[in-house]
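Numbering of the sequence shown is given in the numbering used here, commencing with residue 99 and proceeding in unit increments. Every residue gets a Cβ at the ideal spot worked out from N, C-alpha and C, and that includes glycine.
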Amino acid sequence: MAETQESAPVVAADSNEAKPSEATQNTAAAAPAEAAKEDTATGGATPEAPKKPVNQALVEAMEKFRALGQKAYVLGATGEVGKELVKELCKAKVFSKVILIGRREIKYEDDLYKEIDLEQKIVNFDELESKHEEDFKGCDVAFCCLGTTKGKAGVEGFKKVDHDYVVNSAKLAKAGGCKHFNLVTSQGSNKNSYFLYPKTKGLAEEHVQELSFQRVSIYRPGLLLCDREEKRFFESVFHKLAKPLEYFMPTAGTAPTVSVAKAMINNSVTPNDKAVEILTNKDIRILAGDVNPRK
Ligand SMILES: NC(=O)c1ccc[n+]([C@@H]2O[C@H](COP(=O)([O-])OP(=O)(O)OC[C@H]3O[C@@H](n4cnc5c(N)ncnc54)[C@H](OP(=O)(O)O)[C@@H]3O)[C@@H](O)[C@H]2O)c1
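Next up, the structure:
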């Protein structure tokens, strides 16, 4: 098994002094100039909003990465993190093609989604190995944001999605030539935990690492902040309780879904020779350009 390393953030917040491997800011800053100018959702320049300093190291990393013409796929693109990820990928335009692999088709009406070569492949996750090997061929980078809840799917259903679907997708990705697997799990993931959620997430992390990708990046966000389509009672209670935490200590235990998405992209374009990196909630917020690591 590859050795797990708690990594220091490879990309930091908003400084021009940062070394390339400690670069900063958000995907909009590093996207082609026109896209960055028009961007509001990612915190880019608007007439009213104060401009964030451009992170030159990240801009250069993105340009270099873009020139490679790599392809990516996204698993879980219909979810809250996945949706933001697709949006940010359309803004950043760092991949020559993005394939969304999921169980249902998404209708994209906004012109933003026409800005990149976006393809959708519909799969049955229970038949990945027998029927969908071809769908996973030829991508360099994978982003996996799959997940469900025990409340929605039951204990076995939760294990199936959050572990089996994740690991089986990773197996096909590896066989199909993917070099870098990005996986969203959760703060507190722990394969030795007594509790179902952290244990399942920890086991998924371990079993993905065992596949020996050139690079595995594991993102462990805290409570996800978003306007969730599906109403979840406990999560909405936690959201209310987490508001002061997000305000006073944004790195502690909360992460907007858009920040997770930006962190994944900014990290992917930044070279790193560690085989396995674990990104904590704080690392995610720094990678996304939400906070300055020096403050
Ligand atoms: N909620 C939190 O506060 C929190 C905190 C930390 C980490 N996380 C983790 O972060 C990750 C992303 O979270 P999220 O909130 O973006 O998730 P989400 O909105 O629930 O989306 C999950 C994705 O997984 C897919 N999926 C679920 N069940 C499936 C099934 N049976 N077959 C095929 N696909 C299925 C969904 O597809 P459909 O749209 O077709 O259902 C969707 O694309 C998850 O692993 C989650 O556990 C969540």
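Query: Helix, strand or coil at Gly-142 according to DSSP, with G and I counted as helix; Result: The predicted model places Gly-142 with a pLDDT of 39, which falls under 50 and marks its position as unreliable; any figure quoted below should be read in that light. Reduced to three states, the DSSP call for Gly-142 is coil.
Query: Segment contact flag, the region 382 to 390 with the region 327 to 347, C-beta cutoff 8 Å, min 3 pairs; Result: no
Query: Rounded C-alpha distance that separates Thr-102 from Glu-375; Result: Since pLDDT at Thr-102 reaches only 38, below the 50 mark, its modelled position is unreliable, and the value read off the structure follows with that caveat. Their Cα atoms are separated by approximately 7 Å.
Query: C-alpha distance - Lys-269 paired with Leu-309, whole-angstrom precision; Result: 7 Å
Query: Own chain, CB closer than 8 Å to Leu-301, minus 5 neighbours either side, in chain order; Result: His-261, Lys-289
Query: Residue(s) in a DSSP beta bridge with Gly-200; Result: Ile-220
Query: Run of the beta strand (DSSP E) containing Arg-313, from where it starts to where it stops; Result: 313 to 317
Query: Distance, Lys-297 Cα to Asn-370 Cα; Result: 28 Å
Query: Val-192 CB to nearest heavy atom of ligand 1 below 7 Å; Result: no
Query: Euclidean distance between Cα positions of Asn-114 and Met-362; Result: Legend: pLDDT at Asn-114 = 35, less than 50; position of this residue unreliable, value from coordinates given subsequently. Approximately 20 Å between the Cα atoms of the pair.
Query: Enclosing beta strand (DSSP E) for Pro-296 [first to last residue]; Result: Pro-296 -> not in any beta strand (DSSP E); alpha helix (DSSP H) instead, spanning 294 to 307.
Query: Backbone secondary structure at Ala-353 - three-state DSSP; Result: strand
Query: Close beta carbons around Arg-192, own chain, < 6 Å, minus the five adjacent residues each side; Result: Position check: residue 192 holds Val in this sequence, whereas Arg was assumed. Answer for Val-192: Met-160, Phe-163, Arg-164, Val-367, listed in chain order.
Query: Separation of Lys-205 from Gly-245, as counted between CA atoms; Result: 21 Å
Query: Whether Val-259 touches Leu-281 by CB criterion (8 Å); Result: no
Query: heavy atom of ligand 1 below 7 Å from Asp-260 C-beta; Result: yes
Query: Bridge partners - Leu-173, DSSP secondary structure assignment; Result: Ile-199, Cys-242
Query: Expected contact under 8 Å - CB spacing of Leu-377 and Thr-352 to nearest Å; Result: Leu-377 to Thr-352, Cβ: 15 Å. No contact.
Query: Straight-line gap, Glu-303 to Lys-272 (C-alpha atoms, nearest Å); Result: 15 Å
Query: Where His-481 sits in the DSSP three-state scheme; Result: A question about residue 481 goes unanswered here, because the residues of the chain that appear run from 99 up to 393.
Query: Leu-377 - containing beta strand (DSSP E), residue span; Result: 374 to 377
Query: Any non-hydrogen atom of ligand 1 closer than 7 Å to Gly-351 Cβ; Result: no
Query: Distance between Leu-156 and Val-109 (C-alpha atoms, nearest Å); Result: Because the pLDDT of Val-109 is 42, which lies under 50, any placement of that residue in the model is unreliable, and the number read from its coordinates should be weighed accordingly. Approximately 8 Å, taken between the alpha carbons.
Query: Bounding residues of the beta strand (DSSP E) (the contiguous stretch that carries Glu-279); Result: A quick correction: the sequence has Phe, not Glu, at residue 279. Start and end: 278 to 282.
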